[in-house]
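*Asks:* Encoded as structure tokens, here's the structure I'll be asking about.
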Amino acid sequence: MPAARTVAGDLGRFAADLAVSMRRLAARGLPEVLAIELAARILGTLLVAVAGSVGATSAVGGLALTAVTALVRMVAMILQILVLLRAMRSTPPPLEGSARLQSALAGLAASVLPAFLLLTAWGLFTDDLREYALTALSAIDWFQEGAGVGAVLDVPVDVLSIGLLVGCLVLRGVLRRFERRGTRRGVSVATLVLEGLWTFLAVSILARLLGMAGDWFATTRLASGVDDVRAAIDGVIGGWLLQTWEAVGEVWHTVSLPLVWLTLVGIVLLGARPELAPEPAEPPRPARWWLRLLEALPSPLDDLLEELTDDLHDRWVPIVATLRQVWGAGLVPLGAAVLAWHVVHVAASWLTVALTHALGGQPQQLAEAVANVGGALGDSIVAVLGLVVSVAALDALRLRAVPEAAGQSVSGTPSQIGSPPTSSLASDTEPAGTTNPTTPDSEPSSA
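Each residue of the sequence shown is one higher than the one before, counting from 29 in our numbering.
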């Protein structure tokens, strides 16, 4: 009974914190977030149409423009999160003036690659790829020699695709050096575009290589042996193993998708406000061994390897810090956050159905057009409410994991908050999530 009362108390407190955070976020940022969502959808639709026209003749060009489309959607999503973060109760008051712009750019720079990887791994760019493929297929001249599906979706592993990938990486590295010299605003947009482009191309080329490897493996004798073993196992256990595996996959997707959004919101938060990250733990022994190895290398090679490892380190720090803060709230509130995310999504999905039916009661042609508008508006509301509940859940979890954050968010003033954060790559000596304790303006937050 005491354990049950403890669990019930934790759930009650978390539900109260979540409700207060959602109400606060909706009151302060919902109109602005919805406007960003609608603008991103309109621009994304236009870019998909252009990408489909190009993809009818060049898969590399079409998928490159699709990457820009995905980048537009993702940047819009990160901007929405940044808008909502200003109303969080677990963080100090938002920065003002130029510091806010620098904070937003830092959050964008820190979030592009993790967001691309997370959203691609969970299939959240599937709709863009499907729309691009349908548009490109409808634009193909099937009477032209060599026309086919391969001209749309299959990125050829050739000199053009590899050269474009390498060129994006090299140019991105050059622009990042300019960022470190203080010219952040002039090159940040180009860096973001190159970041999204090389990530999308790398994922496409890797998927193509894995597909080619799978096709080759299917022609080997080992593949036939594996098929025989699998058929024998299915005959013994009656096929329930496959059903169990599919059920486990569905459960994993259901549980992990809200956690992905929580992690993404945390990455954006700590990228924009690195002073809010917890103190980094002591590096493990392999990391200390690697640092000693770098110190023993010649200077040019040392600088190159240090730049590469610092890039990976600075991307990894916000993810680890977010996971530490989220799991620090406890398993029960985390499960409640997952449940709340799904409840809000189901309710918003029914709202989409209601809008589609309500606006579709017109003559046939008009009904289809109006119903499509209603569906798009409903999808926008679903996406916005999903972001609101994700940010609110992270806010409530941070309030429990870092109890003093609530008091600081109420009593703190902008003058007490750390100096405007810059990208973790702007310094070669300070890791992300740390501040310089030697000046009053850089006093770290208690959060």
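For each residue, glycine too, the CB sits at the ideal point set by N, CA and C.
Report yes or no: do the segment 125 to 136 and the segment 83 to 96 share at least 3 C-beta pairs separated by less than 8 angstroms?
*Replies:* The segment 125 to 136 is not in contact with the segment 83 to 96.
*Asks:* In chain order, which continuous runs of the alpha helix (DSSP H) of length 4 or greater are located wholly inside the segment 80 to 122?
*Replies:* Listed in chain order, the complete alpha helix (DSSP H) runs (minimum 4 residues) inside the segment 80 to 122 are 87 to 113.
*Asks:* I need the DSSP call for glutamate 124, collapsed to helix, strand or coil.
*Replies:* The answer is coil: DSSP assigns glutamate 124 none of H, G, I, E or B.
*Asks:* How close, in whole Å, do the beta carbons of alanine 164 and glycine 80 come, if the pair is a contact with beta carbons under 8 angstroms?
*Replies:* Right, their Cβ atoms sit about 4 angstroms apart.
*Asks:* Do alanine 357 and arginine 258 have their C-beta atoms within less than 8 angstroms of each other?
*Replies:* Cβ atoms of alanine 357 and arginine 258: not closer than 8 angstroms.
*Asks:* Buried or exposed for glycine 83, please, with buried defined as at least 16 other CB atoms from any protein chain shown within 10 angstroms of its CB.
*Replies:* Buried, by the Cβ-count rule.
*Asks:* Tell me the residue span of the alpha helix (DSSP H) that contains glycine 358.
*Replies:* Counting along the chain, glycine 358 falls outside any alpha helix (DSSP H), and DSSP gives it neither H nor E.
*Asks:* Taking just the CA atoms, how far does tryptophan 289 sit from methionine 116?
*Replies:* Taking the straight line joining both Cα atoms gives about 16 angstroms.
*Asks:* Between which two residues does the alpha helix (DSSP H) carrying glutamate 278 extend?
*Replies:* Counting along the chain, the alpha helix (DSSP H) containing glutamate 278 begins and ends at 268 to 300.
*Asks:* Roughly how many whole angstroms lie between the Cα atoms of isoleucine 295 and leucine 145?
*Replies:* About 13 angstroms.
*Asks:* Determine the direct distance from the alpha carbon of glutamate 278 to that of isoleucine 270, and round the result to whole angstroms.
*Replies:* Rather than isoleucine, the amino acid found at residue 270 in this sequence is leucine. Between leucine 270 and glutamate 278, the C-alpha separation is close to 12 angstroms.
*Asks:* Quick one: measure Cβ to Cβ for leucine 192 and valine 88, integer angstroms, because I've assumed they're closer than 8 angstroms.
*Replies:* So it is a contact: roughly 7 angstroms between Cβ atoms.
*Asks:* Is threonine 219 helix, strand or coil when you go by DSSP?
*Replies:* Of the three classes helix, strand and coil, the one that applies to threonine 219 here is helix, per DSSP.
*Asks:* Give the DSSP-derived three-state secondary structure of threonine 248 in the structure shown.
*Replies:* In this structure, threonine 248 counts as coil in the three-state DSSP scheme.
*Asks:* Can you tell me whether proline 59 is buried or exposed, with buried defined as 16 or more other CB within 10 angstroms of its CB?
*Replies:* It counts as exposed.
*Asks:* State the DSSP-derived secondary structure class of proline 306, mapped to helix, strand or coil.
*Replies:* Note: proline 306 maps to coil in three-state DSSP.
*Asks:* Would you check if the distance between the CB atom of arginine 204 and the CB atom of threonine 219 is smaller than 8 angstroms?
*Replies:* Contact flag set, yes.
*Asks:* Between glutamate 65 and valine 412, which are expected to be in contact by the criterion C-beta below 8 angstroms, what is the C-beta distance as a whole number of angstroms?
*Replies:* Glutamate 65 to valine 412, Cβ: 5 angstroms. Contact.
*Asks:* Are proline 346 and glycine 299 closer than 8 angstroms when you measure CB to CB?
*Replies:* The answer is yes: Cβ separation under 8 angstroms.
*Asks:* Which of the three DSSP states, helix, strand or coil, is assigned to valine 185?
*Replies:* Coil, per DSSP.
*Asks:* Using the beta-carbon count (16 or more within 10 Å), is arginine 51 buried or exposed?
*Replies:* Exposed, since its Cβ has fewer than 16 Cβ neighbours within 10 Å.
*Asks:* Of the choices Asp423, Leu285 and Val419, whose alpha-carbon is the least far from that of isoleucine 109?
*Replies:* Out of Asp423, Leu285 and Val419, Val419 has the C-alpha closest to the C-alpha of isoleucine 109.
*Asks:* Alpha carbon to alpha carbon, how far is aspartate 262 from leucine 224? Give it in angstroms, no decimals.
*Replies:* Here residue 224 turns out to be glycine, not leucine, going by the sequence shown. Going by the C-alpha atoms only, they are around 43 angstroms apart.
*Asks:* Taking the C-alpha atoms as reference points, what is the distance between serine 451 and glutamate 303?
*Replies:* Annotation note: pLDDT 40 at serine 451 (below 50); position unreliable, no value reported.
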